[in-house]
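In our numbering, the protein residues as written are 1214 to 1337.
Listed below in structure tokens is the structure:
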């Protein structure tokens, strides 16, 4: 298995663990000052971070990863009432938004890095 594959899987597993820990414990997220619905921002950022490694390192896997990540976000919302948290469709929509943002950001990072990678190979 390529190092990029191992890194993509490792970072994704780490993000899944962090997201599960933070969303399945009865701890409320800190506020962002006067920003209303700050938890939606946290959801989007967390799931963007989840999608980013695959989108950057193994973009061909996105066709499988995106539905799995979406199901993971939905499952979290279903489980949360059992751990003293609220189930929220809006949180799941924020998760989906984050997955999309992370996927697009990863592809943009790869596109921006291509010219630099091409320069490295010129000197060989």
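Note that the Cβ used here is the ideal one computed from N, Cα and C, for glycine as well. These numbers were taken from a predicted model, which means no experiment stands behind them.
From the options, residue whose alpha carbon lies closest to that of residue i
i            : options                : result
residue 1310 : 1263, 1236, 1239       : 1263
residue 1296 : 1234, 1214, 1302       : 1234
residue 1259 : 1321, 1325, 1316       : 1316
residue 1226 : 1281, 1253, 1240       : 1281
residue 1237 : 1320, 1289, 1327       : 1289
residue 1219 : 1257, 1274, 1249, 1240 : 1274
residue 1265 : 1299, 1320, 1328, 1325 : 1320
residue 1298 : 1229, 1214, 1241       : 1241
residue 1294 : 1216, 1215, 1239       : 1239
residue 1318 : 1286, 1261, 1303       : 1261
residue 1223 : 1271, 1326, 1257       : 1271
residue 1251 : 1303, 1328, 1267       : 1303
Extent of the continuous alpha helix (DSSP H) run through residue i
i            : result
residue 1290 : 1275-1292
residue 1223 : 1216-1236
residue 1266 : 1251-1270
Distance between beta carbons of residue j and residue i, contact taken as under 8 Å
i            : j            : result
residue 1232 : residue 1279 : Contact doesn't hold; Cβ gap of about 15 Å is too wide.
residue 1324 : residue 1253 : The pair is not a contact, with the Cβ atoms about 28 Å apart (cut-off 8 Å).
residue 1314 : residue 1257 : 7 Å
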